[in-house]
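Peer 1: Positions 499 to 1073 (the working numbering) are the ones given, in order, by the sequence shown.
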Amino acid sequence: MQFKTEIIQLLAAESGLEQSLLASLMEVPPQPELGDLALPCFRLAKVLRKAPAQIAADLKEKIAGRLPWLERVDVVGGYLNFFFDPAQYAAAVLQQCMAADYCPGSSDEGAEKTVLVEYSSPNIAKPFHVGHAFSTLLGETIANLYQHRGYEVIRLNHLGDYGTQFGKLISAWKRWGNESALAADPITELNRVYVKFYQELDEHPELEDEGRAYFKLLEDRAPEEYALWELFRKLSLEAFDKIYRRLNISFDNMNGESFYSDQIPEVVELLQGKGLLVESDGALVVNLDEYNLNPCLILKSDGATIYASRDIAAVYYRDREWDFYRNIYVVGLPQKNHFEQVFAVLKKADFAKADQCIHVPFGTVRGADAIFSTRYGNVILLDDLLAESVNKTRKIILTNNPDMSGEEVDQIAESVGVGAVRYTFLRNGRERDIIFSWDDMLDFEGDSAPYLQYCYARCSSIIRLAEDKGIWPPGQIDPVQAGQYLTGPEEQAILKLTADFEDTVLEALATHEPSIMLRNISQLARAFNRFYHSHSILHAETEELVKARLILTEITRLYLYTGLKIAGIDALERM
């Protein structure tokens, strides 16, 4: 925001403090009556060796009257509160927002920097459940945030298509598999035999050894086992592709764990060359005592690989392939220790970009009584959740718009229903667990995607009506003149939220926390609805007032569109 930058520059010049320090301290007061911007001076007390209240008073004296748009500066305790001239503030925001090709919060800061984002990563031969949705939707939004700031983004789907579980699946299939059931519904049939394997395990513990033996055969590319694995992988990818198409998500690369299996010898040779591998009960590990971590297992005692060694191989491959600036893993919180170990091994191996590998953890999706688990058969399928959400939306649309065509009903129901699910996963802090509840997932009131989509559709409807009346677009816009009509509290609330949008995008990116950006557009939608219910837009008292309010409507529409697009949610012209 222009005003914030100018205040920081002036304060830095007068105090000798670093602009970066002042910028980190600036905040928006919780109530409008406390100002438009505030500087808490408590952390400055050590630097300037004065009481916070005295620092605030001294700074006020130095900057008072120096900025023409700064209406007043108040000292409240240890805070310095800034009040902007409403008309000049409105004019400044309008001037920025109405510029040609303006895209809120976008930047070219990431030009020529490649960011890899790994997300979704379901296991083949298992159903795509609501737990996978968390990684998929969070990862896609993080990738969109980077893209919005100009980075070259490579979307990676590191499929879980290798490991001892596939030996168990092969064992289960050979014992209980049904060919006709596999042809009719492959994932359901594969999941059925996989669940049965674990049900039988208590009474037949020898199945564990059988599963390990089959995985070793798979690693050795035994023809029968390898052919089964290839079939299971192909059928799974076809099923996953339907879900990704419905979510409008595509990946640049879908190399699974299996892709890296033949690169493990290179990793072992590298680690041995650096003297990092030690033997432990016949297995090869890297000790990580200096990081207060348990040893990282690289090769099992039977020579089989493990996912840590495959992840290490993947990092080296990715750097050779893309020369990444960041390598981001959107993977659940339970894998925190795994990634700490992998990154620590990379550091010990002197990999230059070890610190550019970042784990973005998120909480689990669980039922009220237990964590969802495929092996025990207690999961909610994402397809079922999307279908319920879309069906609920369709019923609401048909009730409110009985004359709408069937095709339009289907299109809107799909966009709103899928959007509602997306937003529910994204709206809270990512590390919080989601206790799955059908009522919560299908709650369209309050802080929800349908609320935002409806606000966008309302703005679009107002603009269409203005076009029909011949009063939009307004031709030449004078931001200073229009700003004179946007000085009320409802209008200023909208303008402040749009001015804050870029900061929330930056914070969301820095913390990999999309909920920060979504909170901004949610507040914007509520602010616009308050304005809409308090003021006439198309029938305002004067032509200039109509024009100013239409500009405010179009700005709201632009920011809602941008935020929804980053979140992967459709912005609908009509609902």
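Glycine included, each C-beta is placed from N, C-alpha and C at the ideal position.
This structure is a prediction, so every number in the text was calculated from the model and none was measured.
Given this structure, state the Cα-to-Cα distance separating residue 986 from residue 1050, to the nearest angstrom.
Peer 2: Counting from one through the sequence shown, the residue named residue 986 turns up at place 488. Counting from one through the sequence shown, the residue named residue 1050 turns up at place 552. Within the model, the alpha-carbon separation for residue 986 versus residue 1050 is close to 12 Å.
Peer 1: Quick one: Cα of residue 1069 to Cα of residue 762, how far?
Peer 2: Translated into positions along the sequence shown, residue 1069 becomes position 571. Translated into positions along the sequence shown, residue 762 becomes position 264. Spanning the two alpha carbons is a distance of roughly 46 Å.
Peer 1: Give the list of continuous alpha helix (DSSP H) stretches no shorter than 4 residues that lie fully inside the stretch 748-806.
Peer 2: 762-771
Peer 1: Check each candidate in 667, 779, 627 and 815 and name the one with the smallest Cα separation from residue 801.
Peer 2: Here residue 801 refers to the residue found at position 303 when the sequence shown is read from its first residue. Among 667, 779, 627 and 815, the Cα nearest to that of residue 801 is on 779.
Peer 1: Compute the Euclidean distance between the alpha carbons of residue 669 and residue 635, then round it to the nearest angstrom.
Peer 2: Numbered from its first residue, the sequence shown carries residue 669 at position 171. Numbered from its first residue, the sequence shown carries residue 635 at position 137. Near 33 Å, if we compare the C-alpha coordinates of residue 635 and residue 669.
Peer 1: Can you look up residue 572 in the DSSP assignment and give me helix, strand or coil?
Peer 2: As a first step, residue 572 is located in the sequence shown; it is residue number 74 there, counting from the start. Here residue 572 sits in strand by DSSP.
Peer 1: Residue 556: which of 755, 641, 571 and 567 sits nearest, CA to CA?
Peer 2: Numbered from 1 along the sequence shown, position 58 holds the residue referred to as residue 556. Checking every option, the nearest Cα to that of residue 556 belongs to 571.
Peer 1: Within 10 angstroms of its Cβ, does residue 938 collect 16 or more other Cβ (buried), or is it exposed?
Peer 2: Along the sequence shown, read from residue 1 onward, the residue named residue 938 stands at position 440. It is exposed - the Cβ of residue 938 has fewer than 16 other Cβ atoms within 10 Å.
Peer 1: To which residues of the same chain is residue 1060 closer than 7 Å at the C-beta, ignoring the five residues directly before and after it?
Peer 2: Locating residue 1060 in the sequence shown gives position 562, counting from the first residue. So the list reads 601, 602 and 603, once near-sequence residues are dropped.
Peer 1: Hey, out of 1065, 969 and 1023, whose CA is closest to residue 1040's CA?
Peer 2: On the sequence shown, residue 1040 is found 542 positions in, with the first residue counted as 1. Here the closest residue by C-alpha is 969.
Peer 1: Restricting to runs no shorter than 3 residues, where is the beta strand (DSSP E) found entirely within the stretch 588-626?
Peer 2: 612-616
Peer 1: What residue range does the beta strand (DSSP E) around residue 856 cover?
Peer 2: Counting from 1 along the sequence shown, the entry for residue 856 is found at position 358. Start and end: 855-858.
Peer 1: If you count every other CB in all the chains shown that lies within 10 Å of the CB of residue 840, and 16 or more means buried, which is it?
Peer 2: Taking the first residue of the sequence shown as 1, we reach residue 840 at position 342. Result: buried.
Peer 1: Report the rounded CA-to-CA distance for residue 543 versus residue 566, giving the unit in angstroms.
Peer 2: Taking the sequence shown and counting its residues from 1, one reaches residue 543 at position 45. Taking the sequence shown and counting its residues from 1, one reaches residue 566 at position 68. Cα to Cα, residue 543 sits roughly 29 Å from residue 566.
Peer 1: With burial defined as no fewer than 16 other Cβ atoms inside 10 Å of the residue's Cβ, what is the status of residue 1055: buried or exposed?
Peer 2: Position 557 of the sequence shown holds residue 1055. So residue 1055 counts as buried.
Peer 1: Which residues in the same chain have their Cβ closer than 7 Å to the Cβ of residue 712, if we skip the five residues on either side of it in sequence?
Peer 2: For this step, residue 712 is matched to residue 214 along the sequence shown. For residue 712, where only same-chain residues beyond five positions count, the Cβ hits under 7 Å are 665, 668, 669 and 723.
Peer 1: Taking its Cβ as the centre, do 16 or more other Cβ atoms sit within 10 Å of residue 531, making it buried, or is it exposed?
Peer 2: If you number the sequence shown from 1, residue 531 lands on position 33. Classification of residue 531: exposed, given that the 10 Å Cβ count is below 16.
Peer 1: Out of curiosity, what's the CA-to-CA distance linking residue 896 and residue 888?
Peer 2: Translated into positions along the sequence shown, residue 896 becomes position 398. Translated into positions along the sequence shown, residue 888 becomes position 390. Answer to the nearest angstrom: the Cα atoms are 12 Å apart.
Peer 1: Can you find the residues in the same chain that come closer than 6 Å, C-beta to C-beta, to residue 573, ignoring five residues on each side of it along the sequence?
Peer 2: As a first step, residue 573 is located in the sequence shown; it is residue number 75 there, counting from the start. Taken in chain order, the residues that qualify are 554, 555 and 558.
Peer 1: Taking the C-alpha atoms as reference points, what is the distance between residue 517 and residue 511?
Peer 2: Counted from its first residue, the sequence shown places residue 517 at position 19. Counted from its first residue, the sequence shown places residue 511 at position 13. CA-to-CA, the gap between residue 517 and residue 511 works out to about 9 Å.
Peer 1: At 4 residues or longer, what runs of the alpha helix (DSSP H) sit wholly inside the stretch 653-729?
Peer 2: 662-674, 677-682, 684-699 and 704-717
Peer 1: Looking at the structure shown, is residue 929 part of a helix, part of a strand, or coil, going by DSSP?
Peer 2: Within the sequence shown, residue 929 is the residue found at index 431, counting from 1. Residue 929 falls in the coil class under three-state DSSP.
Peer 1: Quick check on DSSP: helix, strand or coil for residue 943?
Peer 2: By 1-based counting over the sequence shown, the position of residue 943 is 445. Three-state DSSP puts residue 943 in coil, outside helix and strand.
Peer 1: Would you kindly check if the distance between the Cβ of residue 1058 and the Cβ of residue 954 is under 7 Å?
Peer 2: On the sequence shown, residue 954 is found 456 positions in, with the first residue counted as 1. On the sequence shown, residue 1058 is found 560 positions in, with the first residue counted as 1. Yes.
Peer 1: Kindly provide the ranges of any beta strand (DSSP E) runs that are 3 or more residues long and lie completely inside the stretch 534-571, ordered along the chain.
Peer 2: Within the stretch 534-571, the complete beta strand (DSSP E) segments at least 3 residues long are 535-538, listed from N- to C-terminus.
Peer 1: Could you tell me how far apart the beta carbons of residue 817 and residue 851 are, in whole angstroms, since I believe they sit closer than 8 Å?
Peer 2: Mapped onto the sequence shown, residue 817 falls at position 319. Mapped onto the sequence shown, residue 851 falls at position 353. The pair is a contact, with the Cβ atoms about 6 Å apart (cut-off 8 Å).
Peer 1: Taking residue 1019 as the reference, which of 766, 1037, 719 and 993 has the closest Cα?
Peer 2: Translated into the one-based positions of the sequence shown, residue 1019 becomes position 521. The candidate whose alpha carbon is nearest that of residue 1019 is 993.
Peer 1: Pull up the distance between the alpha-carbon of residue 830 and that of residue 854, whole angstroms please.
Peer 2: Here residue 830 refers to the residue found at position 332 of the sequence shown. Here residue 854 refers to the residue found at position 356 of the sequence shown. Cα to Cα, the separation comes out at about 19 Å.
Peer 1: So, at 7 Å on beta carbons, what are the nonlocal neighbours of residue 618 in its own chain, with the 5 sequence-adjacent residues on each side left out?
Peer 2: Taking the first residue of the sequence shown as 1, we reach residue 618 at position 120. Sequence-distant Cβ neighbours of residue 618 in its own chain, meaning closer than 7 Å and more than five residues away, are 630, 633, 634, 637 and 655.
Peer 1: In whole angstroms, what separates the C-alpha of residue 933 from that of residue 1012?
Peer 2: The residue given as residue 933 occupies position 435 in the sequence shown. The residue given as residue 1012 occupies position 514 in the sequence shown. Answer to the nearest angstrom: the Cα atoms are 19 Å apart.
Peer 1: Grouping DSSP H, G and I as helix and E and B as strand, with all else coil, what is residue 514?
Peer 2: For this step, residue 514 is matched to residue 16 along the sequence shown. If DSSP states are grouped into helix, strand and coil, residue 514 belongs with coil.
Peer 1: With a cut-off of 8 Å on the beta carbons, I'd call residue 885 and residue 920 a contact; round off their distance for me.
Peer 2: Here residue 885 refers to the residue found at position 387 when the sequence shown is read from its first residue. Here residue 920 refers to the residue found at position 422 when the sequence shown is read from its first residue. Between residue 920 and residue 885 the Cβ distance is about 15 Å, and since that is not below 8 Å, they are no contact.
Peer 1: Within a Cβ cutoff of 7 Å, which residues of the same chain sit near residue 710, ignoring the five residues on either side of it in sequence?
Peer 2: The count along the sequence shown starts at 1 and reaches residue 710 at position 212. Contacts found: 662 and 665.
Peer 1: To the nearest angstrom, how far is the alpha carbon of residue 756 from that of residue 1005?
Peer 2: Working through the sequence shown from its first residue, we reach residue 756 at position 258. Working through the sequence shown from its first residue, we reach residue 1005 at position 507. Cα to Cα, the separation comes out at about 36 Å.
Peer 1: Please classify residue 1072: does DSSP put it in a helix, a strand, or coil?
Peer 2: For the purposes of this step, residue 1072 is taken as residue 574 along the sequence shown, with counting starting at 1. Here residue 1072 sits in coil by DSSP.
Peer 1: Roughly how many whole angstroms lie between the Cα atoms of residue 849 and residue 785?
Peer 2: Locating residue 849 in the sequence shown gives position 351, counting from the first residue. Locating residue 785 in the sequence shown gives position 287, counting from the first residue. Spanning the two alpha carbons is a distance of roughly 17 Å.
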